[in-house]
Each structure stands twice: as structure tokens, then as C-alpha cells.
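*Asks:* There's a structure below that I have some questions on.
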Amino acid sequence: MTDRWRIRLKVNGKEYEREIETRLNLADFLRHELLLTGTHVGCEHGVCGACTVLVDGQSLRSCLMLAVQAAGKEIATVEGLGDPENLHPLQAAFREHHGLQCGYCTPGMLMTLVEFLRDHPDPDEAEVREAISGNLCRCTGYQGIVDAALAAAASLRENPLKG
Amino acid sequence: MGEKLFGAAVKRTEDPALLTGRGRFVDDIHLPEMLHAAFVRSAYAHARILAIDPKGAETAGAIAVLSYRDLPEGLQRKTLAVSVPNPAISQLVLPYALAKEEASYVGEPIAIVLAESRAVAEDAAALVAVEYEPLPAALYCRDAALPDAPPAHSHLPHNIAAKVRVNVGDVDRAFARAAHVFGETITVHRGGAFFIECRGIVVEPHPILGGFTVYCTTQTPHRLKRQIVELFDLREDQLRVAVPEIGGGFGPKGTVYPDYIAAVAAAQRLGRPVKWVADRREDFLATCQQRDQWWELEIALDEEARILGLRGRMVHDSGAYMTGSLTVPWISATTVPGPYVVPNYRLDYSAVLTNKVPGTSVRGSGRPEAVVVMERMIERAARELKLDPAELRRRNLIQPQAMPYNVGILFRDNRPVVYDSGDYPAALEKLLAAADYAGFRARQMKARHNGRHLGFGLSNAVEATGLGPYESATVSVAPSGRITVYTGASPQGQGHKTTLAQIAADALGVGLEDIVVVAGDTGTVAQGMGSFAARTAVNAGSSVHLAAEAVALKAKRIAAQLFEVAEEDLELEGGAVRVKGVPGMAKPLGELATRTLGVPGFAMAAAIDPGLDGTAYFKPEQSVYASSAHAAEVEVDIETGQVRILAFTVVHDCGRAINPLVVEGQVKGGVAHGVGNALFERLIYDAEGQPLVTTFGDYLLPIAGDVPKVKIIHHECPTPLNPLGVKGAGEGGTIAAIAAILGAIENALEPWGVVIRESPLTPERIVELLGEAALGRTR
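Pasting the structure below:
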């Protein structure tokens, strides 16, 4: 039998406690234990970036991390960014600039860019392309995503998020 | 009827849910009592299955292990169906849901293993012992076509599934009087779709009503329904196929896969919901691809460099089964002439069975290959005749006054291919201006002076879009006033829920926010085709338009009786039918809908059927022809073989654009797919037919730094063949992109005399070609 652990962690500010198998990865934990299905799984080997979440503020591929390794940590997923009536400026910019089509890679793109724009508030186009070079999108050709990130950066510089 | 939303770049209604993690995809579905499936897949490209021992799996916690012999009788008798029956197929080999006695590609499903969790199902699947007797495999298509090749299925005498001739005019006579004849051998490899969401299915049995609900990542829910109904001998009402959000499709999600049928069989047998979602390795092994074509072609021209004819042969890799019919090679063969006048054309092609995953359409569906081949022939001719390649194209383009233009080729349904609309010469001139072709030589010379190597490539393509026979749409106004559009189309990211709502909103005089589009659910519309072949805007769009017009007419008819006015005095505005010029005289659509429901004991008004709804099936008489002209300007690093795309320009004709934001997104995304095809994407197998490329670490998709900013010029030539004047937009970006990039690379390597006869061109291959050219020169 596989061994089990009880873990506690915070996701989008909310405390969770679960007993899980050691081998369960963080992506599957979020999706199938917590039913936070906004985080998507595209390759399960750390290349596509769809499963990117923030762990203690740092972007990580949740398919490459065991859920037990996230014990005691604070996770941020796309569900915590904004809601349909109240989009985060980056989400609003994605919509404005057609930065998504099927929407499957989108949560990973958003979480990657949230971190990037926090650390690089005034990037140029080449820096944005570099920032998302570990996130695959098969639909958009990336231009809409790049345009959205640049627009969001400008909007966030003008009106920084509170809190 | 005013057109307020048609043509407007409105933001997509799909986006808020998708942006906030609230989109619902197949793997997001969790049902009580749900079992998880994993597959035992063939470890060999070709092998006899001698024995399957499930004992290990059972000790590891499997609830059940089903192989061919455990399938219901019907599934032991019936194979999956061919997508499009075609009498030209002489060896129609089709798969069973689980391999019967022989496995014919690495990854073919042999057994389905069910467990309480996916992890346990995978553990257990690894412990199913399969005893194989390996057989020789048929691999590269041209070799597999030879008479002494090992058969892809041991009972076959050879691997040629179909031999077809396309013939226009008298090609041999044309060649006999030609001033110039040039021949080339060209190989094109397409790769796979590689949507970011892998395929999957959830099957929910209904113990009380009988039958199932199936949630699936399919582009063609009604096709999937028909196959399951037929294979399991169900009544139509016992199966609902509902498609949640889909994470990209690009063609291969239109196939009905054996793993889906095996999952239904498992749910039926165990009486519990079953979920299976492919992991990325399974996607590489078992999702249909569009791999190799080998072409040998000659072009004949007169003294003025006008094309007199093309002739040759082509071998197409169909993979292990003919599930995908002849769709791809058929389209390739008929796309070759494209926008050029080719009065004489003969192509003999063979679709060949190999021991690789079955083939199907991937974005562009055989057209990118044809465009690569045609544009390579044109570049060859221009080089030999020392003519400007743009000028050679100019001399050969079909003129706008020749529309409608009969190409002389027969389509699948044996009707002639007739281009309905387009102005290819104008598109080319717009392209040359926008890409500053005139200034390129100077840019190239200046760069060369600095040790940099720039190249410029052109391509032109014509694309049959809006494939028939029909698409369905029902537009329905509920008593609440809520308006719903139901359609058999099944989007995978193209924004159809927005564009179809734009069309309906205009007809009904309401806003986008007043309409909900429900797509891809067989429970809502009885018939449908699905979304593939750049057909949805044309077919579903026209059907929505016709259905919404019918609803508007009916609403006016009812209101005309109420207000005792003529229908011509009424208009639809703000969700109500209004008497023109009389403020206050208006009835909301919801109220009119309520009136159509009737009241017991009161007779219905004559000539008005219950319900404020309309259904339409737009049935196009033929495809409508979109076109695109692409220009790529690249820089090639001759040390590393790296290609940087400096500029990319597209002149695009998809008729009238319903939503320019969406159309541009389709074009840009399509170009990105073409960039991958031209520079990176290749599925490699070893000598035994083992795929060597099964991760995104090995199979490179273009990343943000690889894909250029695309300059798009809309060049709208509306079609007269549908009420909206629209043509398909989803594939043109890909179709012409590959040829333009290859041409640009060849142009950059001109000083070394490198000739490009293949796609893709990876950096290693470019360095190799430079080496070969250098050796050729020193010899």
C-alpha cells in the first residue's frame, strides 16, 4: 500500500487540510482533491506550463511538485485572481487583446505573467516573450498574449492593485 | 434588419469563465462512483498478440481488465467506421475498439483497466502481461508502397489502400509542346495537432432511463453519437453526447477513437461512470496525426513562363487504419493548382497503410503539403528561367474576371471544383506592397555586407472552406425572454459562441448579452456535423442567420395580429417587436413567446405553431473558396542553422469577417502552427517503428520567441453562395505559411546554391544542407 500523509496548506487565502498519498502531485491535488480545476494539466513533464501556480509567491509547475511538498505553503491559483464580474487587470487585458482562444493554457499564462509583471513592472516586448517562453499555446500565436501583458503592465503601473 | 454586431470586433463572451478558471473541461468532471481507466497499449509497431494475462492487474487493485474477448458481441463483430466512405479505397482496414489478434502501431489499445483512481489504474495496467510475437513493420510511406514491403497487417497482400488518379486536360500533350520542363522530388511532414488539452471522455450510465451521457473532447459530437448508437445498438434517445469546453482541436479531435468506444463498453459492463483522459505520452502514441507525403512532380511552362501543366505521383502515409479515409491525400491532390491557372494536371497518388498511428486531418488538412509542393515548383521554375518569382506568380494567377472559375478537378462528391470568388492578383500586389518586396534586395545586400543572411519567401493558397452537407441551428425565445441558440457545431476555441450570437442578435434586434449559444450537445439538436474543415462560420453561421430570421418573422406575425398592423410596419428592437414610429406600441419577445404556448380551451391563432423558435439547416451547394497570400522575411544563422522570422505578412480573404478580432486570432494562430511545421515539428520513429518523440521536450512546438508578429491585411471578396457572404478563416493561416518560410530560407541560402525539397527544416537539417552544398561545390 502506498503511504499517506496529512497536509495543511493555504490556497488563495483559504486553509485546507487533507490526507493524501505521497505520490500525488500538486496539480492533481488542486484539481481532484480540492476541485480547483482552473489549474490545467497539459504535459505532466514540466514543459507546457499550463499547470503553473504560485507557491509562496513564486511560479512553479504544479505537475512537477508533490502535494506533500506544498504542506504549510501558500498557493495562488487562477481562481484567486479575479472573478467574471471583476476581472484582474491582466485577465481584462487578455480579453481585450484576444490573448486566449480555447483557454486551456490561459491559467498557466496568467500565473506566469502575474509573477513576471510583479517583478518587472515595465517590460518590453522581448522580455514578455522570454517570460512566457516556458508556456505553450497552440491557438493564439502568442501575439495577443504579449499585447495583453504589455497593456496590463501599463494599466498596473497607472493603477497598482491594492493589498 | 440592421447589422450592428456583424463585422464588429466585439470581445468574446467565452472569455470571462475561461480567464477565471471557471471553464469546464472533460477532466474537470467528477461524478460519484466514477471509475478511472488506463489502457494497456501495444509495445510494438506490429505484433501478433498471443496471450493477455490480467492477474497482476487484479492484485494491484484493478476492478476490471477488459480486452477484445471481453467486449460485447457487437463490438467483437463490428469495427469502427470510416469517416467518409470512398469507393476508391480497395483495402478498407478499420480497428476494433480493442486490438483483436494483431496490434498494428505502438500505442494501439489492447486492454482497458478500470480502478478507483487513475494512479491505481495505471499501476495495474503496467502489470497486465501481454505476450507478443513481433512482426516486421511497414514504416516510411514510400518504402511501404513497394511490392516487397512487409504488410502493415499480416493478412494483406500489400499496403496500398487506394490508388487514385486526378486528371485535368491532356497533360502529356502539354508537356510535349512545353518550352521548359523541370522535375522535383519533395517530401513533406506535417506532425500532429498537439492541442494543450489531451483527449478524454467521461461516460455516465443511466440505470433508470437506460443509456448514457457521454462527455467528450470531440469536434464532432453527432458523429460520435452515431457510432456509439450503432456499435452498442442503442436507440437515439438513449445517448446524449455533450461537449464541454475543449482545449484545442485542430482536426484530430474529430476522429472517433477506439479508446472512447472501449470506455463506453467498460461503463456499460460495470454500470458505473468511467473517466479516461490521455496523458501526453498517450497523446503522442494514440492521437491521429498527419505525417508524411512523398511527391515526385514535373512542371511544364511555355516561353512566357506560363504554366502548361503539372504531372507526377504522390504517396501518402495513412497509418495503420483507414479511419480517416482518403480525406487528406484527396485534398492535397486537388489543392495543388491553387490560385494558378494549370490547364493540364495529372497526379497519381497512393494512400499507404503503415504501422503508425492512423492518419487524419491536422489544421489545413493536406493543403499545406500541396502548397509547399506547388510553390517549390514555382520557385524552381523562376530560378531556372532567371525570372523574379513574384513576376512568375503574377503571370500565372487566375484573373478575377474568370470567377467563378472551374479548376477542372472533381471534388469528393464528383462535382467540379469551382472557385466562387476571390481576386488573387490584387491580393499578391497588396502583399508585395505591405511586405516591401521592392526594398528587399537592398535589405538583403546590406545584411550580407554585415555577414547576415536574409531571405524572402512568397506563397499563395486557395482553400475550400465551409464543407457541406449542412449544419444545424435552432434559435429559441423562452417565455422569460431568454434567447438560446443551439447548434451542432462544436467549437474548440474559435469563439463560435460569440460570432454565432452576433449573427442571431442582429436578426432579433437584441444585444450580445441577451443570447446564450449552446453548442456541441446532441441533447439539444437532433442533427449536426461538428466543427472541422473551416465550416462553422459558413454553415452554422448561415443556419443561425436563417433560423433567427424565421423567429423574427414569426414574432412579427404574432405582433401584427395583436396590434392589428401590417408586418411591414413592425421592427425588432431592444428585445421587443415595435410598431415603427409609434413609441409605446411594443411587445417584448418573451411575451410573444408566451402567447405561442397556447392556453387549454382556447383555440390557437391559425398559421402559428406553438413556440417562438426556428430551426434551419443551411445546405451549401458547394464549398466556398478562401484564399491567402503570405510573405516571410527570415534570417538564417549559417553556423547554427537557426531561423529567425523577421517579418510575416498575410493578405487574407475569408469573405466578410463576422468578428475581425476573432478572424485575426485565427490567422495569427494558424501562422504559428505553420511556423512549427516549417521549422520544428517532426514525429520520428526508429527502425522498428518505435516513436522516438513522445514528449514536448523532444517534439518542439513554437514558443513565444519563435512566432513573429503577423501583419494582416483583410482582402474581403464576399461569396455569393451563402446569405452572410462568409468563407472559412480557421486554417488559411497555416496553409500558406510553411511554403513561404521554406522559400525564404532557400532565398537566404541562395549564395550556397541550397535547394529546399523538404519540410520541416530543423536547424540541424539546415546545417546539413549547407554542408552538402559545400561538398557538392568542392567535388
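Those protein sequence lines, which keep their order, are chains A and B.
If you count by this note's numbering, then the first sequence holds residues 1 to 163, one letter each, in order.
If you count by this note's numbering, then the second sequence holds residues 164 to 942, one letter each, in order.
Every residue gets a Cβ at the ideal spot worked out from N, C-alpha and C, and that includes glycine.
(1) What are the complete alpha helix (DSSP H) segments, minimum 4 residues, inside the region 199–269 of chain B?
(2) What does the alpha-carbon distance come out to for the pair L933/B and A307/B?
(3) Within the region 267–304 of chain B, note down every full beta strand (DSSP E) run reaching 3 residues or more, in order along the chain.
(4) Please go through the region 696–780 of chain B and give each complete beta strand (DSSP E) segment of 3 or more residues, from N-terminal end onward.
(5) Should I391/B and V406/B be called a contact, given that it needs their Cβ atoms to be closer than 9 Å?
(6) Could you give the distance in angstroms between the alpha-carbon of F188/B and the alpha-carbon of R340/B?
(7) Under DSSP, the alpha helix (DSSP H) around H88/A begins and ends at which residues?
(8) Within 10 Å of its beta-carbon, does V838/B have 16 or more other beta-carbons around it, so buried, or fewer, so exposed?
(9) If you measure between the beta carbons of A337/B and G472/B, is that distance less than 9 Å?
(10) Is it buried or exposed, S643/B, if we count other Cβ atoms within 10 angstroms and call 16 or more buried?
(11) Spatial neighbours of E827/B within its chain, please: C-beta separation below 6 Å, excluding the five flanking residues on both sides.
(12) Taking C-beta pairs closer than 9 Å, name the residues in chain A that E727/B reaches, listed in chain order.
(13) If G346/B and L460/B are in contact, beta carbons under 8 Å, what's the gap, nearest whole angstrom?
(14) Residues of chain B with CB under 8 Å from L136/A, in chain order?
(15) With distances taken from CA atoms, which of G774/B, Q564/B and I666/B is nearest R945/B?
(16) Could you please give the first and the last residue of the uninterrupted alpha helix (DSSP H) stretch that includes H45/A?
(17) What separation, rounded to the nearest whole angstrom, lies between the Cα atoms of E532/B and Q239/B?
(18) Can you check whether the C-beta of P123/A is within less than 9 Å of a C-beta belonging to chain B?
(19) Is the beta carbon of A711/B less than 9 Å from the beta carbon of D684/B?
(20) Since W493/B sits in a beta bridge, which residues does DSSP pair it with?
(21) Going along the chain, which residues of the region 165–195 of chain B sit with their C-beta nearer than 8 Å to a C-beta in chain A?
(22) When you compare the CB of H120/A with every CB in chain B, is at least one pair closer than 9 Å?
(23) Within a Cβ cutoff of 8 Å, which residues of the same chain sit near L34/A, ignoring the five residues on either side of it in sequence?
(24) Is the region 550–561 of chain B touching the region 350–367 of chain B, taking contact as three or more C-beta pairs under 8 Å?
(25) Note down, in chain order, each residue of its chain lying with its Cβ closer than 7 Å to the Cβ of E851/B, except the 5 sequence neighbours on either side.
(26) Select from P871/B, V918/B, Y862/B and K831/B the residue whose C-alpha is nearest the C-alpha of T140/A.
(27) Which chain B residues are close to D83/A, counting only those with a beta carbon under 9 Å from its beta carbon?
(28) D442/B versus chain A: which residues are under 7 Å apart at the beta carbon?
(29) Rounded to the nearest angstrom, what separates A200/B and A92/A at their Cα positions?
(30) List the whole-angstrom C-beta distance separating P521/B from G482/B, where the pair is believed to meet the contact cut-off of C-beta under 8 Å.
(31) With DSSP run on the structure shown, which of helix, strand or coil describes L617/B?
(32) Buried or exposed for F765/B, please, with buried defined as at least 16 other CB atoms from any protein chain shown within 10 angstroms of its CB.
(33) Cβ-heavy atom distance between I75/A and the ligand ZN below 8 Å?
(34) By DSSP, does G475/B sit in helix, in strand, or in coil?
(35) Taking the Cβ atom as the reference point for each residue, do C102/A and I192/B lie within a distance shorter than 9 Å?
(36) If you follow the alpha helix (DSSP H) that Q58/A is in, where does it begin and where does it stop?
*Replies:* Quick look at the numbers:
(1) 218–222 and 236–240
(2) What you label residue 933/B is simply residue 770 of the second sequence in a count that begins at 1. What you label residue 307/B is simply residue 144 of the second sequence in a count that begins at 1. Cα-Cα distance, rounded: 30 Å.
(3) 272–278 and 292–297
(4) 733–736, 739–742 and 749–751
(5) For the purposes of this step, residue 391/B is identified with residue 228 of the second sequence, where counting begins at 1. For the purposes of this step, residue 406/B is identified with residue 243 of the second sequence, where counting begins at 1. Against a cut-off of 9 Å, the Cβ pair of V406/B and I391/B comes out as no contact.
(6) Locating residue 188/B in the second sequence gives position 25, counting from the first residue. Locating residue 340/B in the second sequence gives position 177, counting from the first residue. One C-alpha to the other measures close to 60 Å.
(7) Counted from its first residue, the first sequence places residue 88/A at position 88. Run containing H88/A: none; DSSP gives neither H nor E here.
(8) For this step, residue 838/B is matched to residue 675 along the second sequence. V838/B comes out buried.
(9) Counting from one through the second sequence, the residue named residue 337/B turns up at place 174. Counting from one through the second sequence, the residue named residue 472/B turns up at place 309. Closer than 9 Å, so yes.
(10) For the purposes of this step, residue 643/B is identified with residue 480 of the second sequence, where counting begins at 1. S643/B is exposed by the Cβ-count criterion.
(11) For the purposes of this step, residue 827/B is taken as residue 664 along the second sequence, with counting starting at 1. So the list reads I875, once near-sequence residues are dropped.
(12) Numbered from 1 along the second sequence, position 564 holds the residue referred to as residue 727/B. The contacting residues do not exist; E727/B stays about 44 Å from chain A at best.
(13) As a working mapping, residue 346/B is identified with position 183 in the second sequence. As a working mapping, residue 460/B is identified with position 297 in the second sequence. Contact holds; Cβ gap of about 7 Å.
(14) Reading the first sequence from its first residue, position 136 is the one you call residue 136/A. I359, F859, L864 and I866, listed in chain order.
(15) Beyond the ends of chain B as shown, which are 164 and 942, falls residue 945/B; an answer cannot be given.
(16) On the first sequence, position 45 is the one that residue 45/A refers to. Note, H45/A: premise wrong, no alpha helix (DSSP H); not H, not E.
(17) Taking the first residue of the second sequence as position 1, residue 532/B is located at position 369. Taking the first residue of the second sequence as position 1, residue 239/B is located at position 76. Spanning the two alpha carbons is a distance of roughly 37 Å.
(18) For the purposes of this step, residue 123/A is taken as the residue at position 123 of the first sequence. It does not; no Cβ of chain B falls within 9 Å.
(19) Taking the second sequence and counting its residues from 1, the one referred to as residue 711/B is at position 548. Taking the second sequence and counting its residues from 1, the one referred to as residue 684/B is at position 521. No; because the gap between Cβ atoms is not below 9 Å, this pair is not in contact.
(20) Stepping through the second sequence from its first residue, residue 493/B is reached at position 330. For W493/B, which the question treats as bridged, DSSP gives no partner whatsoever.
(21) K174, R175, E177, D178, P179, A180, L181, L182, T183, G184, R185, G186, R187, F188, D190, D191 and H193
(22) The residue you call residue 120/A lines up with position 120 of the first sequence. With 9 Å as the cut-off, H120/A does not count as an interface residue toward chain B.
(23) Position 34 of the first sequence holds residue 34/A. Within the same chain, L34/A has close Cβ partners V11, Y16 and R18.
(24) no
(25) As a first step, residue 851/B must be located in the second sequence, where it is residue number 688. Counting only Cβ-Cβ distances below 7 Å, and skipping sequence neighbours, we find A208 and A300.
(26) Mapped onto the first sequence, residue 140/A falls at position 140. The candidate whose alpha carbon is nearest that of T140/A is K831/B.
(27) In the first sequence, counting from the first residue as 1, residue 83/A sits at position 83. Within 9 Å Cβ-Cβ: P179, T183 and R185.
(28) As a position in the second sequence, residue 442/B is number 279, starting the count at 1. Within 7 Å Cβ-Cβ: E44.
(29) Start at 1 with the first residue of the second sequence, and residue 200/B comes out as number 37. Start at 1 with the first residue of the first sequence, and residue 92/A comes out as number 92. Approximately 38 Å between the Cα atoms of the pair.
(30) The residue you call residue 521/B lines up with position 358 of the second sequence. The residue you call residue 482/B lines up with position 319 of the second sequence. Indeed they touch by this definition, with Cβ atoms about 4 Å apart.
(31) For this step, residue 617/B is matched to residue 454 along the second sequence. L617/B falls in the strand class under three-state DSSP.
(32) As a working mapping, residue 765/B is identified with position 602 in the second sequence. By the neighbour-count rule (16 or more Cβ atoms within 10 Å), F765/B is not buried but exposed.
(33) No copy of the ligand ZN occurs in the structure displayed, which carries no ligand at all.
(34) Within the second sequence, residue 475/B is the residue found at index 312, counting from 1. Residue state, collapsed to three classes: strand.
(35) Residue mapping note: residue 102/A aligns to position 102 of the first sequence, counting from 1. Residue mapping note: residue 192/B aligns to position 29 of the second sequence, counting from 1. No, the pair does not count as a contact, with Cβ atoms beyond the cut-off.
(36) Position 58 of the first sequence, counted from the first residue, corresponds to residue 58/A. No alpha helix (DSSP H) holds Q58/A; the beta strand (DSSP E) holding it covers Q58 to R61.
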